[in-house]
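Enquirer:
Protein chains in written order, with this note's numbering: chain A, 785 to 1079; chain B, 785 to 1079.
The following block contains the structure:
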């Protein structure tokens, strides 16, 4: 090794530097790949939890009064839509961020092989140089042997020079590609995230309206009516049997639920005002409201 | 129980309905609370993963050429900023969604107690009714005992009627509050999410620019220069010792890194074009470049 030229030593340093560079890219792109994959996995878990929320909101909606039920179902639909876009986000991050980073595992491998080739060419050159040195010391006058060793060294040197140049080119390309790739990958990450955030913003705007539009008063009427005991139903049957007119009237109001509700509503308000009335009167109220409940 | 009036039976049905209603709210608000809490926890985990990404991007940036390093650090800063807003999202969801839903645990408890009170008032009434019935059967002629039982029943009935009315009111309030609360909670959820998405959209726009603005060519020059072996340094010392002029020139170019870079740049391009030149010439190139590398 003592016989190596400053050029050869310089090259060794360069080789070491390239090796460190490759190792660094391998490590950091690998780490980034794993961390982006973890980020994507957590995003998928968040989507799962939101899907469960969607499911539960729908289950809960089914137990609720009509307006709230409808508002909740619409809200759940929008929340589900956000999750569809989150799923798209997950898939796109996998394709546009994780896959390209993962590909660096193989890219780095080929670069390492290029480096190895160059190193062996250089080692061959160094050996030839040592051999020539030996020849000169042992057979200083044997021109033929020395000349042969010289031409072998020349070949080895040319080979080492060629592979070194090739390595420099390939490492240059690698560096160029690496900068472009990391820019591209992070750019894609941002674009995918932005597309998701923009969609979420849009969908939540609709979701908000669905929830804000729930008519509380209408639902309270339905709730109040539902609380009036269906046991009166039996007594209602007697009323019906005694009054065909009443039955017909009830039938008509049932077929027009809108009309029915506004009627119920005004009646309910009346009932609230008349809370101090006698119980008998309330019973009559109950009776009428149960008629609507049948619907 | 056979002695209970249709009214009492109707009330039992109503009570059962109220009980079911309270149980349903307890269940569904509880489930929603847990699922929103899970959603928030996953959001916090996503923030954690993104924080690790920020850290790794900064670590990686430190190994990189100046422009990319700067771009990566700025990108990481923006990504960190998104996580700060995600943290705010987490905290706001806890306060505005989870806490109000959690509060329903206690609200439901007090409603259950209201219901229990009404039930005991009704049970007392039923007992009084049975007792009056017994009095009438056993002592049909004892006006005083029957009258006393009658007035006790009347009190019990009034009490049952009063607590029933109170229950109806409290359940009405509960229902009203419930609808308002679920609207408010889901509305707040949407607002908190939207605020986060809007901020993320804004910050990622900046992040994208930081990444896109990274000057690849500038960094490639720095990279290429860095690859030229510092072993020549020793030979440079000799050159310096022999030429004070050369040393001064180097000193000047070192203090003006901008000038140096453009010089290096044009030289690099020249070197690329002259690849077929002899090795000696390249050595000279290397020598010159090391001069700059010292900076």
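Where is the CB? At the ideal position from N, CA and C, for every residue including glycine.
Quick one: is residue 844 of chain B near chain A, going by C-beta distance under 8 Å?
Expert: Residue numbering aside, residue 844 of chain B sits at position 60 when the second chain is read from its first letter. It does; some Cβ of chain A falls within 8 Å.
Enquirer: Are any of the Cβ atoms in chain A nearer than 8 Å to that of residue 1003 of chain B?
Expert: Translated into the one-based positions of the second chain, residue 1003 of chain B becomes position 219. Taking Cβ atoms only, chain A reaches closer than 8 Å to residue 1003 of chain B, which makes this a yes.
Enquirer: Would you decide whether residue 903 of chain A is buried or exposed? Buried here means 16 or more other CB atoms lie within 10 Å of its CB.
Expert: On the first chain, residue 903 of chain A is found 119 positions in, with the first residue counted as 1. So residue 903 of chain A ends up on the buried side.
Enquirer: Using a Cβ distance threshold of 8 Å, determine whether the segment 834 to 843 of chain B contacts the segment 950 to 964 of chain A, with at least three qualifying pairs required.
Expert: Under the Cβ criterion (8 Å, minimum of three pairs), the segment 834 to 843 of chain B does not count as touching the segment 950 to 964 of chain A.
Enquirer: Using only the alpha-carbon positions, how far apart do residue 841 of chain B and residue 980 of chain A sit?
Expert: Taking the first residue of the second chain as 1, we reach residue 841 of chain B at position 57. Taking the first residue of the first chain as 1, we reach residue 980 of chain A at position 196. Each residue's alpha carbon lies about 22 Å from the other.
Enquirer: For residue 1080 of chain A, which residues from the same chain have a beta carbon less than 6 Å from its beta carbon, with the 5 sequence-adjacent residues on both sides left out?
Expert: Given that chain A is displayed from residue 785 to residue 1079, the structure contains no residue 1080 of chain A and the question cannot be resolved.
Enquirer: Taking residue 873 of chain A and residue 1006 of chain A to be in contact with their CB atoms under 8 Å, please state how far apart those CB atoms are, rounded to whole angstroms.
Expert: By one-based count along the first chain, residue 873 of chain A stands at place 89. By one-based count along the first chain, residue 1006 of chain A stands at place 222. Actually they are not in contact, since the Cβ atoms of residue 873 of chain A and residue 1006 of chain A sit about 39 Å apart, beyond 8 Å.
Enquirer: Determine the contact status of residue 974 of chain A and residue 869 of chain B, defining contact as a CB-CB distance below 8 Å.
Expert: The residue labelled residue 974 of chain A in the question sits at position 190 within the first chain. The residue labelled residue 869 of chain B in the question sits at position 85 within the second chain. Against a cut-off of 8 Å, the Cβ pair of residue 869 of chain B and residue 974 of chain A comes out as no contact.
Enquirer: Just to make sure I have the definition right: I need the residues of chain B whose C-beta is within less than 8 Å of the C-beta of residue 995 of chain A. Which are they?
Expert: Position 211 of the first chain, counted from the start, is the residue given in the question as residue 995 of chain A. Per Cβ cutoff of 8 Å: 967, 970, 971 and 974.
Enquirer: Check the Cβ of residue 808 of chain A against every Cβ in chain B and list those closer than 7 Å, keeping chain order.
Expert: Looking up residue 808 of chain A in the first chain gives position 24. One finds 847 in chain B with Cβ atoms closer than 7 Å to the Cβ of residue 808 of chain A, taken in chain order.
Enquirer: Quick check: is the beta carbon of residue 963 of chain B nearer than 8 Å to any beta carbon in chain A?
Expert: As a first step, residue 963 of chain B must be located in the second chain, where it is residue number 179. Yes, its Cβ sits closer than 8 Å to a Cβ of chain A.
Enquirer: Please decide whether residue 827 of chain B counts as near chain A, where near means a Cβ-Cβ distance under 8 Å.
Expert: In the second chain, the residue the question calls residue 827 of chain B occupies position 43. Yes, because at least one Cβ of chain A sits closer than 8 Å to the Cβ of residue 827 of chain B.
Enquirer: Alpha carbon to alpha carbon, what distance is there between residue 990 of chain A and residue 799 of chain B?
Expert: Working through the second chain from its first residue, we reach residue 799 of chain B at position 15. Working through the first chain from its first residue, we reach residue 990 of chain A at position 206. Residue 799 of chain B and residue 990 of chain A: Cα-Cα distance of roughly 38 Å.
Enquirer: Using a Cβ cut-off of 9 Å, pull out every chain A residue sitting near residue 998 of chain B, in sequence order please.
Expert: Here residue 998 of chain B corresponds to residue number 214 of the second chain, with the count starting at 1. What residue 998 of chain B touches in chain A: 963, 966 and 967.
Enquirer: What three-state label does DSSP hand residue 998 of chain B in the structure shown?
Expert: As a first step, residue 998 of chain B must be located in the second chain, where it is residue number 214. DSSP places residue 998 of chain B in coil when its eight states are reduced to three.
Enquirer: Give, in chain order, every unbroken run of the beta strand (DSSP E) that is at least 3 residues long and sits entirely within the segment 824 to 896 of chain A.
Expert: none
Enquirer: Should residue 927 of chain B be labelled buried (16 or more other beta-carbon atoms within 10 Å of its own) or exposed?
Expert: As a first step, residue 927 of chain B must be located in the second chain, where it is residue number 143. By the 10 Å Cβ count, residue 927 of chain B comes out exposed.
Enquirer: From this set, A/888, A/859, A/892 and A/816, which residue's C-alpha is nearest residue 802 of chain A's C-alpha?
Expert: Mapped onto the first chain, residue 802 of chain A falls at position 18. Answer by Cα proximity: A/892.
Enquirer: I need the DSSP call for residue 1012 of chain A, collapsed to helix, strand or coil.
Expert: By one-based count along the first chain, residue 1012 of chain A stands at place 228. It is coil, neither helix nor strand.
Enquirer: Sorted by chain position, which residues of the same chain lie with C-beta nearer than 6 Å to residue 940 of chain B's C-beta, five sequence neighbours on each side aside?
Expert: Along the second chain, read from residue 1 onward, the residue named residue 940 of chain B stands at position 156. Cβ neighbours of residue 940 of chain B beyond the five flanking positions: 908, 909 and 912.
Enquirer: Measuring straight from C-alpha to C-alpha, what distance separates residue 921 of chain A and residue 932 of chain A?
Expert: Stepping through the first chain from its first residue, residue 921 of chain A is reached at position 137. Stepping through the first chain from its first residue, residue 932 of chain A is reached at position 148. Looking at the two C-alpha atoms, the distance is approximately 15 Å.
Enquirer: Whether or not the segment 849 to 868 of chain A and the segment 818 to 831 of chain B are in contact is what I'm after, with contact meaning three or more pairs of Cβ atoms, one per stretch, closer than 8 Å; do they touch?
Expert: no
Enquirer: In chain A, which residues lie less than 8 Å from residue 823 of chain B when you measure between Cβ atoms?
Expert: On the second chain, position 39 is the one that residue 823 of chain B refers to. Those within 8 Å of residue 823 of chain B in chain A are 830, 833, 834 and 837.
Enquirer: If you measure from the beta carbon of residue 852 of chain A to each beta carbon in chain B, is any gap under 8 Å?
Expert: Numbered from its first residue, the first chain carries residue 852 of chain A at position 68. Closer than 8 Å: yes.
Enquirer: Give me the subset of the segment 886 to 909 of chain B whose CB atoms are less than 8 Å from a CB atom of chain A, sorted by chain position.
Expert: For the segment 886 to 909 of chain B, there are no residues whose beta carbon sits under 8 Å from a beta carbon of chain A.
Enquirer: Around the Cβ of residue 867 of chain A, are there at least 16 other Cβ atoms within 10 angstroms (buried) or fewer (exposed)?
Expert: Numbered from 1 along the first chain, position 83 holds the residue referred to as residue 867 of chain A. Buried.
Enquirer: Is the shortest distance between the beta-carbon of residue 877 of chain B and the beta-carbons of chain A less than 8 Å?
Expert: Along the second chain, read from residue 1 onward, the residue named residue 877 of chain B stands at position 93. Answer no: the Cβ-Cβ gap between residue 877 of chain B and chain A never drops below 8 Å.
Enquirer: Residues in the same chain with beta-carbon distance under 6 Å from residue 863 of chain A, minus the five sequence neighbours each way, listed in chain order, please.
Expert: Taking the first residue of the first chain as position 1, residue 863 of chain A is located at position 79. The residues are 838.
Enquirer: Should residue 956 of chain A be flagged as near chain B, meaning a C-beta pair shorter than 8 Å?
Expert: Taking the first chain and counting its residues from 1, one reaches residue 956 of chain A at position 172. Under the Cβ criterion of 8 Å, residue 956 of chain A is counted among the residues facing chain B.
Enquirer: Against residue 815 of chain B, what residues of chain A qualify as contacts under a CB-to-CB distance less than 7 Å, listed in chain order?
Expert: Along the second chain, one-based indexing puts residue 815 of chain B at 31. Correct list: 840.
Enquirer: Taking 8 Å as the CB-CB limit, is residue 977 of chain B close to chain E?
Expert: The structure shown contains no chain E; its protein chains are A and B.
Enquirer: In three-state DSSP terms, what is residue 923 of chain B?
Expert: As a position in the second chain, residue 923 of chain B is number 139, starting the count at 1. Here residue 923 of chain B sits in coil by DSSP.
Enquirer: Is residue 959 of chain B close to chain A? Criterion is C-beta to C-beta, closer than 8 Å.
Expert: In the second chain, residue 959 of chain B corresponds to position 175, counting from 1. Interface residue, yes.
Enquirer: Can you give me the C-alpha to C-alpha distance between residue 845 of chain A and residue 935 of chain B, rounded to a whole angstrom?
Expert: Walking along the first chain from the start, residue 845 of chain A turns up at place 61. Walking along the second chain from the start, residue 935 of chain B turns up at place 151. If I take the Cα positions, the gap works out to 47 Å.
Enquirer: At a CB-CB cut-off below 8 Å, which residues of chain A make contact with residue 946 of chain B?
Expert: Taking the second chain and counting its residues from 1, the one referred to as residue 946 of chain B is at position 162. Going along chain A, no residue has its Cβ under 8 Å from residue 946 of chain B, so there is no contact; the nearest lies around 11 Å.
Enquirer: Taking CB distances under 8 Å as the criterion, tell me whether residue 801 of chain B reaches chain A.
Expert: In the second chain, the residue the question calls residue 801 of chain B occupies position 17. Closer than 8 Å to some Cβ of chain A, the Cβ of residue 801 of chain B qualifies, so yes.
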